[in-house]
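Asker: Taking the numbering used here, the leading residue of the sequence shown gets 32, the next gets one more, and so forth. Cβ coordinates follow ideal geometry from the N, Cα and C atoms, glycine included.
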Amino acid sequence: MALTGTDAYTGVGGLPALVSDALAAARAHRFPHSCRPEQGRLLQALAGGARVRIGETGTGLGVGLAWLASGAAPGVRLYSVERDPDRARAAARVFAGRAEVTVSAGDWRRIEEYGPFDLLVLDGGGQGKAPGDEPADVEALLVPGGTVVVDDFTPATGWPPLHDGEVDRARLHWLEHPALRATELRLAADLSTVVGSRLLV
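Written out as structure tokens, the structure is:
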């Protein structure tokens with residue numbers, strides 16, 4: 032969830048049709064927090080490696096999910112959970128013609144019903160960034176070799192990574208997770224993402 036993600040698409044052309052549809056829904060509902068185009072392109076590329084299932088927490092109005100669906104191979108199922116029922120209904124309308132996409136309303140933990148996943152995008156819960164938001168259990172939610180994406184970090188400039196002058200415990204959780212081989216990818220001067228693959232053993 033980027034704070035000004037919807038506005039970041041102003042003047043951006045060449046978007047997949049489904050992304051344009053989701054973006055129109057986000058604008059119509061005045062939802063400013065869509066994933067940014069840089070993040071969307073990464074999600075589209077990673078979706079191409081999924082074989083069976085892709086999961087996402089935090090649908091919003093479906094912009095990130097649209098990038099995922101645009102990159103997924105035929106036959107891959109996509110599941111997204113949005114905590115706000117009105118947004119979930121609006122996002123589900125964007126994907127009404129896409130039988131492979133399921134949008135559910137509820138706590139982010141509902142994603143557990145659909146796993147394990149080849150690709151799991153933690154955007155609306157399970158990141159461990161906020162008090163009371165426990166990090167998702169990637170050993171339960173990912174197939175061996177599966178990929179987790181935790182987005183919306185400010186790029187680190189040193190080690191250990193800091194956030195608001197304090198050690199960024201959430202980022203360290205993912206970068207040092209014993210079940211993952213993880214790295215931070217800088218997508219823009221002000222945006223980075225942690226991507227990790229679950230170890231095969």
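1) Helix, strand or coil: how does DSSP classify Glu-143 here?
2) Which partner residues does Glu-197 have in the DSSP bridge list?
3) With a threshold of 8 Å, are at least 3 pairs of Cβ atoms found where one atom belongs to the stretch 139 to 155 and the other to the stretch 175 to 182?
4) Given that a residue counts as buried once 16 or more other Cβ atoms are within 10 Å of its Cβ, and exposed if not, what is Glu-113?
5) Give every residue of the same chain whose Cβ lies closer than 6 Å to the Cβ of Asp-52, excluding the five residues on either side of it in the sequence, and list them in chain order.
6) Is the beta carbon of Pro-63 sitting closer than 8 Å to the one on Tyr-40?
7) What do you reckon, are the CB atoms on Gly-177 and Ile-142 nearer than 8 Å?
8) With a CB to CB cut of under 8 Å and the five nearest residues on each side skipped, what residues in its chain are close to Ala-187?
9) Check whether chain D comes within 8 Å of Arg-229, counting only Cβ atoms and requiring the distance to be less than that.
10) Only counting the same chain, and skipping five residues up and downstream in sequence, which positions put a Cβ closer than 6 Å to that of Ser-135?
11) Mind checking which residues open and close the beta strand (DSSP E) that includes Arg-253?
12) In whole angstroms, give me the CA-to-CA distance for Leu-230 and Ala-210.
13) CB Gly-157 to CB Pro-166, shorter than 8 Å?
14) Measuring only the C-alpha atoms, how far is Ala-81 from Ala-104?
Answerer: For this structure:
1) helix
2) Bridge pairing for Glu-197: His-194 [DSSP].
3) Cβ pair count under 8 Å is three or more, so yes.
4) buried
5) Val-125
6) no
7) no
8) Result list for Ala-187: Leu-193, Asp-199, Arg-202, Glu-215, Ser-223, in chain order.
9) The structure shown contains no chain D, having only a single protein chain.
10) Val-112, Arg-141
11) Outside the shown range of the chain, which is 32 to 232, sits residue 253, and nothing can be said about it.
12) Going from the Cα of Leu-230 to the Cα of Ala-210 covers about 6 Å.
13) yes
14) 7 Å
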